[in-house]
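In our numbering, the protein residues as written are 10 to 133.
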């Protein structure tokens with residue numbers, strides 16, 4: 010079931026989200042200072058491609074630089090990405106088949122708000 014949902018997600022939403030996050034990652038990697046944001050964007054892009062069967066965990070060893078980076082990310086991009094995920098999940102909840110896709114879109118909100126210090130792990 011997980012694979013079927015991942016394929017449906019990939020076709021309707023995942024590929025577009027992953028492309029957007031990957032482009033943002035490339036742009037962030039242009040400057041040395043923003044490379045951690047670029048790496049986080051690539052991590053989110055991989056999660057956006059195949060979200061079912063995976064979850065986000067906070068890294069307990071994340072230091073103060075992750076906290077400072079998350080504050081900068083939240084102000085510059087995080088809040089807008091989270092609002093975008095919430096708004097785009099609303100139409101997905103209209104159909105029965107779209108409900109799991111809407112839930113997957115909402116699962117991206119925490120990692121889009123605070124991406125530094127987050128790990129994406131398998132549920133198994």
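In this text, a Cβ means the ideal position worked out from N, Cα and C, and glycines have one as well. Nothing here was measured: the structure is a model prediction, and the numbers come from that model.
If you count every other CB in all the chains shown that lies within 10 Å of the CB of residue i, and 16 or more means buried, which is it?
i	result
residue 79	buried
residue 73	exposed
residue 82	buried
residue 89	exposed
What number of angstroms, rounded off, separates the C-alpha of residue i from the C-alpha of residue j?
i	j	result
residue 39	residue 98	31 Å
residue 77	residue 103	38 Å
residue 67	residue 19	25 Å
residue 65	residue 130	6 Å
residue 41	residue 101	38 Å
residue 32	residue 133	30 Å
residue 34	residue 46	7 Å
residue 24	residue 94	14 Å
residue 105	residue 119	24 Å
residue 107	residue 16	13 Å
How close, in whole Å, do the beta carbons of residue i and residue j come, if the pair is a contact with beta carbons under 8 Å?
i	j	result
residue 55	residue 110	That pair is no contact at about 18 Å.
residue 50	residue 125	With 8 Å as the limit, residue 50 and residue 125 do not qualify as a contact, their Cβ atoms being about 11 Å apart.
residue 14	residue 61	5 Å
residue 44	residue 30	Their Cβ separation, rounded to whole angstroms, is 15 Å, which puts residue 44 and residue 30 out of contact at 8 Å.
residue 87	residue 122	5 Å
residue 27	residue 57	5 Å
Quickly, what does DSSP pair residue i with across the bridge? List them, please.
i	result
residue 67	127
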